[in-house]
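Numbering (full-length UniProt numbering), first residue to last: 1 to 447.
In structure tokens, the structure reads:
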């Protein structure tokens with residue numbers, strides 16, 4: 001068997017060109033942004049550019065190019081003297097932090113050169129920083145489904161300023177000889193600069209409740225914070241494991257607490273990538289959750305064929321605690337077939353499909369709609385990705401006000417790197433930390 005050949009997509013080498021009106025994103029504070037999960041490999045520089053020198057004196061730089069939602073922001077990774085053969089990937093983002101995985105080196109060594117980095121908008125000195133992490137304990141490797149990052153409350157100050165600390169967590173299934181409800185937790189604390197590994201277990205009462213039927217396949221991690229440093233390991237098909245990761249030295253991590261996700265619409269087979277139809281976030285001390293389901297109908301032209309016939313989405317919320325007494329409440333539900341598009345100028349911007357007679361269909365009919373993404377501000381907006389066909393290189397991000405049940409905005413999204421509909425972007429608050437740095441519009445534009 002030959003060595004796998006890796007090649008960057010042409011689109012990865014050509015980041016989106018920022019339009020003139022996007023200076024608005026660089027001149028006003030953005031409380032949050034949509035951030036592509038794959039970085040571009042290109043030299044772009046502005047005041048957010050952070051640099052790092054590897055052990056063999058290779059230079060790496062990372063730059064943030066912010067754009068106001070529903071446009072999608074992105075990172076650019078560049079090295080003048082090192083080879084990059086696969087797309088750098090954003091694994092997690094929280095507060096002013098972005099956790100990245102970058103492979104640098106010869107093509108035949110790509111799988112052995114996956115390195116983890118943390119990009120900080122402000123490391124406490126008023127400047128961005130790029131920090132390299134040592135490899136997690138073997139044999140564990142993590143990706144965006146089971147790795148997260150959280151800012152620690154305690155900062156360490158010296159004559160050089162205050163160094164802001166963070167913790168990175170990775171969750172993996174325990175070996176087969178461990179009982180159901182046991183997991184391996186790998187932690188990296190920037191204060192200590194080393195990884196630790198421990199077995200964490202489901203609360204005994206809940207272990208008895210679920211018995212051998214407990215199932216958890218992690219798909220996202222959320223930072224809740226607090227003195228105990230609570231993180232949520234989320235199976236978007238089933239529920240959340242709450243874990244307190246900040247313990248005093250020598251103290252064991254408390255048992256995990258499990259909170260099921262809300263019981264929603266008629267259950268479907270739990271398979272595939274759940275992030276394409278569900279999302280969760282912590283907003284103003286509450287957990288917000290959204291679920292999307294497509295409508296289907298039988299084709300009258302092709303026997304046995306089924307056609308997409310719109311969608312329905314619902315949002316839920318609860319206090320960001322592991323208490324089962326804090327139950328989920330249903331906030332809003334929107335059916336695309338019941339939305340009022342009459343006299344709405346946005347209707348002209350929505351992608352349109354036609355029936356077999358060539359007659360225009362109502363909005364969202366026969367369209368692929370996926371990846372509902374929650375807004376991170378106080379608005380009740382959800383951002384959906386829409387395509388004509390799954391393999392299309394062109395997509396749109398459509399913003400829907402769940403409370404008013406109306407579309408708010410539509411923006412094209414270049415999806416050459418996300419054919420067949422893959423998880424494409426995530427929400428991030430990193431943009432809210434750029435402006436205390438007193439950056440001007442020209443300093444934030446990407447050149």
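Think of the CB as a built atom: it goes at the ideal place given N, C-alpha and C, for glycine as much as any other residue. Model, not experiment: these values are computed from the prediction.
**Report entry** Beta-carbon proximity list for residue 171, same chain, < 7 Å, skipping 5 on both sides
**Finding:** 146, 183, 185, 218, 233
Requested in this report: Label residue 323 either buried or exposed according to how many other C-beta atoms from any shown protein chain fall within 10 Å of its C-beta, with 16 as the threshold for buried.
Outcome: exposed
Query raised in the report: Sorted by chain position, which residues of the same chain lie with C-beta nearer than 6 Å to residue 189's C-beta, five sequence neighbours on each side aside?
Result: 167
Query raised in the report: In three-state terms, what does DSSP make of residue 459?
Result: Absent from the structure is residue 459, since the part of the chain shown begins at 1 and ends at 447.
Report task. Starting from the Cα of residue 383, find the closest Cα among 33, 356, 29 and give me that residue. Result -> 33
**Report entry** Spatial distance of residue 122 from residue 46 (CA atoms)
**Finding:** Approximately 14 Å, taken between the alpha carbons.
Report task. Take the Cβ of residue 15 as the centre, count every other Cβ of all protein chains shown within 10 Å, and call the residue buried at 16 or more, exposed below. Result -> buried
Query raised in the report: By a C-beta neighbour count over all protein chains shown, 10 Å radius and 16 as the cutoff for buried, is residue 434 buried or exposed?
Result: buried
Report task. Rounded to whole angstroms, what's the CA-CA distance from residue 430 to residue 302? Just pull it up for me. Result -> 48 Å
Query raised in the report: On the premise that residue 255 lies in contact with residue 203, defined as a C-beta separation below 8 Å, what is that separation, rounded to the nearest angstrom?
Result: 4 Å
Query raised in the report: How big is the Cα-Cα spacing for residue 222 and residue 35?
Result: 16 Å
Query raised in the report: Are the beta-carbon atoms belonging to residue 331 and residue 406 less than 8 Å from one another?
Result: no
Query raised in the report: DSSP state of residue 10, grouped into three classes?
Result: helix
**Report entry** DSSP beta-bridge partners of residue 240
**Finding:** Bridge partners of residue 240: 234, 259.
**Report entry** According to DSSP, residues forming a beta bridge with residue 133
**Finding:** 116
Query raised in the report: Are the beta-carbon atoms belonging to residue 386 and residue 351 less than 8 Å from one another?
Result: yes
Query raised in the report: Considering only the beta carbon of each residue, do residue 367 and residue 279 sit closer than 8 Å?
Result: Against a cut-off of 8 Å, the Cβ pair of residue 279 and residue 367 comes out as no contact.
Query raised in the report: Using a Cβ-Cβ cut-off of 7 Å (strictly less than) and excluding sequence neighbours within five positions of residue 10, which residues of its own chain qualify?
Result: none
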